[in-house]
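*Asks:*
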Amino acid sequence: MGRKIHKYLIGAGVLLIAAALALTAYNAVDAQRAAESAAQALEALEQASPPPAEAADEQEPAETPAYVANPDMEMPTVTVEGNDYIGRVDIPALELSLPVISEWSYPALKIAPCRYTGSAYQDNMIIAAHNYSSHFGRLSQLSAGDAVRFTDVDGNVFSYTVSQIEDLPGTAIEEMQAGDWDLTLFTCTLGGRTRVTVRCTRADG
């Protein structure tokens, strides 16, 4: 009986190790696919977006962006392969440049970061992404003072500075949206029990 139990335990252990290896391999493939999807979407977004406006003549006043007069306006989008994008987020300290999908969903998160709530025009935007290393998996490496930029599809640039990094419970929806933060970035930790949350303030406002 003892030998049978021993063999059973060994067999169970082998199966668990095999399952863990299979899960690791799946996650690696999924992360690579996500990196390629985001890169392709960013390239297509840049090609589809209008070119930056030429510098105005020194004697002509610069045109005021529409969102300044109407911050409640919907953020414009560019559609790429069936997904509507509102712009791109750049995090120089992590060497990341990623497109941002207008509305979040679980399938969309497998492609690129998504707007969770809010608007860059109202200084309350929250962006969510998976914890792939090519998406937001390295957010915890940021430090207070690091720069973050968001550029909408019309070429308007919003500059931010990281002010605070915190871990919130995965169910803390109200806490995620609380506070007077101009931009919030977040991703789930491994296992999904908590969310790494990066709070940013406007650097140009």
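The sequence shown runs 17 to 221 under the numbering used here. No residue lacks a Cβ here, since even glycine has one placed at the ideal position from N, Cα and C.
1. Within its chain, find whatever has a CB closer than 7 Å to the CB of residue 153; leave out the 5 residues flanking it on each side and keep chain order.
2. Measure the alpha-carbon distance for residue 115 versus residue 186 and round it to whole angstroms.
3. Does the structure place the segment 167-176 close enough to the segment 89-99 that three or more beta carbon pairs sit under 8 Å?
4. Excluding five sequence neighbours on each side, which residues of the same chain lie with their C-beta closer than 7 Å to the C-beta of residue 64?
5. What does DSSP give as the partner residues of residue 90 in its beta bridges?
6. Taking the straight line between their C-alpha atoms, what separation do you get for residue 37 and residue 158?
7. Going by DSSP in three states, residue 72 sits in which element: helix, strand or coil?
8. Helix, strand or coil for residue 165, going by three-state DSSP, please let me know.
9. Nearest-angstrom Cα distance between residue 121 and residue 220?
*Replies:* Straight from the coordinates:
1. Excluding the 5 residues flanking it on each side, residue 153 has same chain C-beta neighbours closer than 7 Å at 147 and 203, in chain order.
2. Going from the Cα of residue 115 to the Cα of residue 186 covers about 24 Å.
3. Between the segment 89-99 and the segment 167-176 there are three or more C-beta pairs closer than 8 Å, enough to call the two in contact.
4. Correct list, in chain order: 94 and 96.
5. DSSP lists no partner for residue 90.
6. Residue placement at residue 37 cannot be trusted, given a pLDDT of 41 that sits under 50; the coordinates are not used to answer.
7. Bear in mind that a pLDDT of 46 at residue 72, under 50, signals an unreliable position, so the number given afterwards is only what the model happens to contain. In the structure shown, residue 72 sits in coil (DSSP, three-state: anything other than H, G, I, E or B).
8. Strand at residue 165.
9. Approximately 31 Å, taken between the alpha carbons.
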